[in-house]
Amino acid sequence: GAVVSQHPSWVICKSGTSVKIECRSLDFQATTMFWYRQFPKQSLMLMATSNEGSKATYEQGVEKDKFLINHASLTLSTLTVTSAHPEDSSFYICSASPGVAGNTIYFGEGSWLTVV
Amino acid sequence: GDSVTQMEGPVTLSEEAFLTINCTYTATGYPSLFWYVQYPGEGLQLLLKATKADDKGSNKGFEATYRKETTSFHLEKGSVQVSDSAVYFCALRNTGGFKTIFGAGTRLFVKA
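Quick mapping for you: the protein sequence lines, in order, are chains A and B. For the first sequence, my numbering begins at 1 and goes up steadily by one. For the second sequence, my numbering begins at 117 and goes up steadily by one.
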């Protein structure tokens with residue numbers, strides 16, 4: 001079946017540095033991918049919609065300059081957390097769908113980011 | 117806007133007990149409804165779904181019925197196991213859309 005893979009699964013970075021998380025659709029092309037953030041014991045909050053070949057659409061309250069999203073190909077979207085701070089520590093998860101709206105959406109395994 | 121409300125947890129049950137996790141929604145149009153499960157340290161997995169009113173989604177002994185009249189999609193399982201311990205998320209997605217709206221999640225602990 002369709003698989004969405006994220007890398008890395010776990011990352012620890014120093015405060016002030018940037019970290020990149022990749023989201024790949026392994027056996028289908030995804031024109032649209034989504035990035036979510038989950039704080040401990042809370043629900044998933046949609047951060048942005050990543051559109052292949054165009055700018056991402058960010059949800060209200062999400063800093064687009066801090067959370068850079070690039071969707072350079074139909075199988076890869078990247079989320080870069082710039083100048084990370086401890087409050088950015090969270091579980092980040094992506095999802096993707098093979099094309100037509102309404103199709104099944106597949107989630108990645110998620111990436112745990114800890115900023116120290 | 118669209119929203120999903122599910123019962124607060126944690127829910128603690130003994131093995132073989134009956135499980136109900138309530139979920140209600142508010143949406144324009146006719147959304148598809150989902151239950152996702154997140155096991156400790158893992159990402160989300162689709163547990164079951166229903167795409168129209170009166171549909172029943174089922175998987176691994178879990179069931180949920182799409183009730184349009186009560187705007188609900190309660191998750192049930194007749195006999196839980198320790199391995200069912202996880203966080204369960206109710207979610208909706210509107211017809212023709214990609215955006216998934218999640219409830220706050222309900223943590224389930226099952227004791228042996």
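The beta carbon of each residue, even a glycine, is placed where N, CA and C say it ideally should be. Computed from a prediction, not measured in an experiment: that's the story for all the values here.
Nearest-angstrom beta carbon gap, residue j and residue i [assumed within contact, 8 angstroms]
i, j, result
"A/Ser9", "A/Ser111", "6 angstroms"
"A/Ile93", "B/Leu163", "Actually they are not in contact, since the Cβ atoms of A/Ile93 and B/Leu163 sit about 16 angstroms apart, beyond 8 angstroms."
"B/Phe218", "B/Ala207", "5 angstroms"
"A/Ala48", "A/His71", "Contact flag wrong, Cβ pair sits at about 10 angstroms."
"B/Val226", "B/Val203", "Their Cβ separation, rounded to whole angstroms, is 13 angstroms, which puts B/Val226 and B/Val203 out of contact at 8 angstroms."
"B/Gly173", "B/Lys165", "5 angstroms"
"B/Tyr146", "B/Lys168", "7 angstroms"
"A/Gln38", "A/Glu109", "A/Gln38 to A/Glu109, Cβ: 13 angstroms. No contact."
beta-carbon residue i near the ligand PLP non-hydrogen atom, thresh 7 angstroms
i, result
"B/Thr186", "Only the bare structure without any ligand can be found here, which leaves the ligand PLP out of the picture."
Where residue i meets chain B, residues with beta-carbon distance less than 8 angstroms
i, result
"A/Thr78", "Those do not exist, as A/Thr78 stays about 17 angstroms from chain B at its closest Cβ, beyond 8 angstroms."
"A/Gly110", "Glu158, Gly159, Leu160"
"A/Ile93", "Gly159, Leu160"
Residues bridged to residue i (per DSSP)
i, result
"B/Leu149", "B/Ala166, B/Leu208"
"B/Ile137", "B/Leu191"
"B/Gln122", "B/Cys139"
"A/Phe107", "A/Ser95"
"A/Glu22", "A/His7, A/Thr78"
Interface residues of chain B facing residue i [CB-CB closer than 7 angstroms]
i, result
"A/Ser90", "Neighbours of A/Ser90 on chain B: none; closest Cβ ~14 angstroms, over 7 angstroms."
"A/Ser43", "Phe205, Phe218, Gly219, Ala220, Gly221"
"A/Phe107", "Gly159, Leu160"
"A/Thr32", "Phe214"
Partners in chain B for residue i, counting only beta-carbon separations shorter than 9 angstroms
i, result
"A/Leu46", "Lys215, Thr216, Ile217, Phe218"
"A/Ser97", "Phe214"
(message) Whether or not the segment 60 to 76 of chain A and the segment 121 to 140 of chain B are in contact is what I'm after, with contact meaning three or more pairs of Cβ atoms, one per stretch, closer than 8 angstroms; do they touch?
(response) no
(request) Go through the segment 168 to 197 of chain B residue by residue and report every complete run of the alpha helix (DSSP H) that reaches 4 residues or more, in order. (result) none
(request) Could you tell me whether the segment 79 to 86 of chain A touches the segment 2 to 21 of chain A, where touching means 3 or more Cβ pairs closer than 8 angstroms? (result) yes
(request) Quick one: which unbroken beta strand (DSSP E) runs of 3-plus residues sit fully inside the segment 38 to 94 of chain A? Chain order, please. (result) 44 to 51, 67 to 73, 76 to 81
(message) Between the segment 135 to 142 of chain B and the segment 29 to 36 of chain A, can you find at least three pairs of beta-carbon atoms closer than 8 angstroms?
(response) no
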